[in-house]
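Residue 49 in this note's numbering sits at position 37 of the sequence shown, with consecutive numbering throughout.
For each residue, glycine too, the CB sits at the ideal point set by N, CA and C.
A short write-up of the structure that comes next.
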Amino acid sequence: MLASLRVLAVIFLLVAVLAAVTDVTYSMAGNRMVITSLLEHWAKLAPQASQTAQASLRRLPLVWDFLLKPALSLPAWGFFLALGILCAWGGRRRSKVNIFAN
13 MLASLRVLAV
23 IFLLVAVLAA
33 VTDVTYSMAG
43 NRMVITSLLE
53 HWAKLAPQAS
63 QTAQASLRRL
73 PLVWDFLLKP
83 ALSLPAWGFF
93 LALGILCAWG
103 GRRRSKVNIF
113 AN
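This is the structure:
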């Protein structure tokens, strides 16, 4: 279980770096600050899946408006950075403490 969390942490951190590099590249090319949200990346990578998910989730306004839309409007690199840090923290090796040492 801990090993799988560490593997997920590496994958999430790699995706965060790739998203950050994409934003920096677009920012340097356009001479303006570009921060791409998770929803924009999802719409570029899988437009049909993004539209279908949005259409089905808009039927539940509480879930879409208060839970998913704010999470998907975060910068993609920040979202995956947070997920990577949480998985790395959850998958860390715990130190064993010998409570019977004199």
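{"Check": "Please determine, among Phe78, Trp101, Phe112, the residue with the shortest C-alpha to C-alpha distance to Ala15.", "Outcome": "Trp101"}
{"Check": "For Thr48, report the span of its alpha helix (DSSP H) as first-last.", "Outcome": "Unbroken run through Thr48: none, as it is neither H nor E."}
{"Check": "According to DSSP, what are the bridge partners of Pro87?", "Outcome": "Ser49"}
{"Check": "Could you check what DSSP says for Arg71 in three-state terms: helix, strand or coil?", "Outcome": "coil"}
{"Check": "How far does the alpha helix (DSSP H) with Leu80 in it reach, from first residue to last?", "Outcome": "No alpha helix (DSSP H) holds Leu80; DSSP gives it neither H nor E."}
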